[in-house]
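Read the structure below first, then the notes.
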Amino acid sequence: TLPVLSTAVGRHREFSSLAELCEEEMFDDFPLTCPRTAHWCLNFLRRRHTPADHHMSFRTVSRLQSDAWGMGEHEQLLKMIELAGSFDQ
Numbered sequence: 070t071l072p073v074l075s076t077a078v079g080r081h082r083e084f085s086s087l088a089e090l091c092e093e094e095m096f097d098d099f100p101l102t103c104p105r106t107a108h109w110c111l112n113f114l115r116r117r118h119t120p121a122d123h124h125m126s127f128r129t130v131s132r133l134q135s136d137a138w139g140m141g142e143h144e145q146l147l148k149m150i151e152l153a154g155s156f157d158q
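Residues in the sequence shown are numbered consecutively from 70, following the working numbering.
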């Protein structure tokens, strides 16, 4: 859980700080011994600067058009991740 961050424009947190602030919560009965996916994904997206930047890079590298199968879903999922961490604190 992240603390609410109020700025002059309202509740908002830069995406880069979201990935830095998140930590894995350890508990004894977690069924897997490998790293948790959410923490890894946030750090990956942070290296790409923002989820929107990652989406554009993915489309460019893959040479896919915006109307290609799955591109709309990919973009929406990344928007949800960014909004959940930036505004829905």
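Beta carbons: idealized from backbone N, C-alpha and C, even for Gly.
Note that the coordinates shown come from a computational prediction; the quantities given were computed from them, not determined experimentally.
Quick one: is residue i buried, meaning 16 or more other Cβ sit within 10 Å of its Cβ, or exposed?
i    : result
F84  : buried
L87  : buried
L114 : buried
Are the beta-carbon atoms belonging to residue i and residue j less than 8 Å from one another?
i    : j    : result
E93  : R80  : no
H108 : L147 : no
R82  : S135 : no
C91  : L74  : no
Which first and last residues belong to the alpha helix (DSSP H) in which residue i is found?
i    : result
P120 : 120 to 131
G154 : 140 to 155
L111 : 106 to 116
L90  : 84 to 90
My assumption, with CB atoms under 8 Å, is that residue i sits in contact with residue j. Please give the rounded CB distance.
i    : j    : result
E142 : P120 : Not a contact, Cβ separation roughly 13 Å.
M125 : L133 : Contact doesn't hold; Cβ gap of about 11 Å is too wide.
For the region 95 to 105 and the region 125 to 133, state whether three or more C-beta atom pairs, one from each stretch, are separated by less than 8 Å. They do not touch, by the three-pair rule.
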